[in-house]
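Peer 1: Chains as they are written, first to last, in the working numbering: chain A, -13 to 224; chain B, -13 to 224.
To start, I am sharing the structure in question, which I have written as C-alpha cells.
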C-alpha cells in the first residue's frame, strides 16, 4: 500500500472547499460504515481510499496514512480509520411525484439530517435553491448517513423550477393551515425554508397550499430538520 | 464597566467542564437574544454579563471584553457580543402528565434540539437518565434556544423513576406498533433512546407500549431529535 504523500494530503484537504470540489468533481466521505457501503454499492464512484489500517484492502487505489496525516485530512473531531475520495455524479430522477424543495438551508448538520429524513420517508427527489448549503460539504455528507447516495438531489433556480411544476406546491409557513386538519396526500412539492428566515418572499408567492405545525408550548420555532420530519410524516401517514 | 480580567476569563472558561459547573452551580449562556431574554424574564438567575459593546448596560455585574477575550470564553465559532454566567436552578414540575424521558442521549446538538421540540409540543417535564449529556453543556444551551429555561428537566435513575410511575410508558422501538395506527393521547411517559443503540435493555423491560415510525424509503434510521419531533407531534395531533 502506498503511503499518503504530503501532496495527496494537500489535495484531499483542498476538497473541503466547494470551489475545489466543483472543479475536481470530487468530495470526501469519512467513516468505516459509509466507506464500506460505497465500496459495496457504488464502487465505480470511488477515486481512492485512505486507511490508517494496512490490513484493510480494497480493489481501489488505497493510501496508507498514519493517525496524524488522517487528522490533517479529516473533518471529524475523532478521525475514523477510513476515508474515501469520491466522484460527484448527479442522479437523475424519473417521474418524481413526492418532492422536497429546500429554500436556503444553511446549516450542514441540518442539511444532512434533512436528507436522511427525506430518504426515510421515501422522497423521490430533493430540489435545492442555489443558496442552499452544498450537499458535498463534509458535514452534510457525515450527517446524511449515506442517504446522499440514494436520493436524487439537484440544485437549480427554485423559482423557475416551481413556476414550471405541475404538482401542488406546499409550503411550511407560520400562517398556514394546521397539518393536522389539512388532508394531504403523498404527491406534491413541499417547500421548507431557511433556518432563520423561513421561505423567501419570492418563493412564498408560488406556494399554493400553506401548512404549519401547531404549537402547544412556548418555543418560538422548531429546528428545520425536525419540522421537515414532522411534515414528511404527515404526508406519509395517509 | 469593569474590564474582564485574566482571572475571570479563566473562571468562565472553567465552566465548560461539567465538574466545574456542578461545583459552582453556574453555566454559560451566549448570544444576544438569549441573554436579553434572560435579563427580561429570569433576571435573578444572572451571575454576571460579559459584553464587547460598552454601550450595552444592565442592572447586573457587567464586564467589558475585547473581541479576543470574548473568543477565549466563547464556545461559538463566531462569538457573539453578549455572554452571561447564569445560576443553575432546578425547576420543579407539578402534576406532569406529558413527560419525555431520555435514555442516554449523547450529542449536545440533538439534546438541545430535543428540548426545543419538547417545549414546542408542550411537554410538562423532561426526565434524563444519568448518562444523558448535561443540559448545561454550552452546545446544548445554544441548540435549546431558550427552552432550557422553560421546561422542568431532571436527571435521575431512569429505571427507578419509570418503575414508580403511574403513567403509561411508551417507548420508541423498531419492533413497536406504527404510530400512525396506534391511538395515543397526550398523557404518558415517552422514552427515546440513545443515538446509536436506542433504548437500553434495562429500560426496554419497563416499556408498556412500543411504538415506531414507519419507514417508506431506505434510511437505516432517523436522527433522534427528528424522531422525537414526529412522536411528540403524533401525541399532540389528537
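Yeah, the Cβ is synthetic: ideal placement off N, Cα and C, and Gly gets one too.
Closer than 9 Å, Cβ to any Cβ of chain B: which residues of the stretch 185 to 216 of chain A, in chain order?
Peer 2: So the list reads 199, 200, 201, 202, 203, 204, 205, 206, 207, 208, 209, 211, 212, 213, 214, 215, 216, given in the order they occur along the chain.
Peer 1: Apply the 10 Å Cβ neighbour rule to residue 144 (chain A) and answer buried if 16 or more other Cβ atoms are within range, or exposed otherwise.
Peer 2: Its Cβ being crowded by 16 or more others within 10 Å, residue 144 (chain A) is buried.
Peer 1: As an exercise, report each continuous beta strand (DSSP E) stretch of at least 3 residues that is fully enclosed by the stretch 3 to 81 of chain A, in chain order.
Peer 2: Within the stretch 3 to 81 of chain A, the complete beta strand (DSSP E) runs of at least 3 residues are 12 to 16, 32 to 37, 48 to 50, 68 to 73.
Peer 1: Tell me whether the stretch 110 to 118 of chain B and the stretch 48 to 63 of chain B touch, counting them as touching only if at least three CB pairs, one residue from each stretch, are closer than 8 Å.
Peer 2: No, the stretch 110 to 118 of chain B does not touch the stretch 48 to 63 of chain B.
Peer 1: Which residues, in chain order, does the stretch 149 to 183 of chain A contribute to contact with chain B at a C-beta distance below 7 Å?
Peer 2: Against chain B - using a Cβ distance shorter than 7 Å - the residues of the stretch 149 to 183 of chain A are 166.
Peer 1: Which word fits residue 160 (chain B), buried or exposed, when buried means at least 16 other C-beta atoms lie within 10 angstroms of its C-beta?
Peer 2: Exposed, since its Cβ has fewer than 16 Cβ neighbours within 10 Å.
Peer 1: Quick one: which chain A residues come within Cβ less than 9 Å of residue 108 (chain B)?
Peer 2: Within chain A, the residues near residue 108 (chain B) are 201, 202, 203, 204.
Peer 1: To be precise: take each residue of the stretch 90 to 119 of chain A, compare its Cβ to all Cβ atoms of chain B, and keep it if any distance is under 8 Å. Which residues remain?
Peer 2: Correct list: 95, 99, 102, 103, 104, 105, 106, 107, 108, 109.
Peer 1: Short of 8 Å Cβ to Cβ, which residues in the stretch 38 to 61 of chain B face chain A?
Peer 2: Within the stretch 38 to 61 of chain B, no residue qualifies.
Peer 1: Near residue 65 (chain A), which residues of its chain fall below 7 Å by C-beta distance, leaving aside the five closest residues on each side in sequence?
Peer 2: These residues qualify, in order along the chain: 56, 57.
Peer 1: Provide the residue span of the beta strand (DSSP E) that contains residue -13 (chain B), from first to last.
Peer 2: Residue -13 (chain B) -> no beta strand (DSSP E), and no H or E assigned at all.
Peer 1: Within the continuous beta strand (DSSP E) that includes residue 95 (chain B), where are the two ends?
Peer 2: Run containing residue 95 (chain B): none in the beta strand (DSSP E); it sits in the alpha helix (DSSP H), 94 to 106.
Peer 1: Taking DSSP as the reference, what is the three-state secondary structure of residue 221 (chain B)?
Peer 2: Three-state result, residue 221 (chain B): helix.
Peer 1: How would you list, in chain order, the residues of chain B whose beta-carbon sits under 7 Å from the beta-carbon of residue 223 (chain A)?
Peer 2: Residues of chain B passing the Cβ test: 166.
Peer 1: For the alpha helix (DSSP H) that residue 130 (chain A) lies in, which residues bound it at each end?
Peer 2: Element bounds for residue 130 (chain A): 124 to 130.
Peer 1: With a CB to CB cut of under 6 Å and the five nearest residues on each side skipped, what residues in its chain are close to residue 96 (chain B)?
Peer 2: So the qualifying residues of the chain are 210, 211.
Peer 1: Reducing DSSP to helix, strand and coil, say where residue 184 (chain A) ends up.
Peer 2: It is a strand residue.
Peer 1: Between residue 136 (chain A) and chain B, is there a C-beta pair that is closer than 8 Å?
Peer 2: It does; some Cβ of chain B falls within 8 Å.
Peer 1: What is the DSSP secondary structure of residue 164 (chain B), counted as helix, strand or coil?
Peer 2: The answer is strand: DSSP assigns residue 164 (chain B) an E or B state.
Peer 1: Pick helix, strand or coil for residue 203 (chain A), following the three-state DSSP scheme.
Peer 2: DSSP places residue 203 (chain A) in coil when its eight states are reduced to three.
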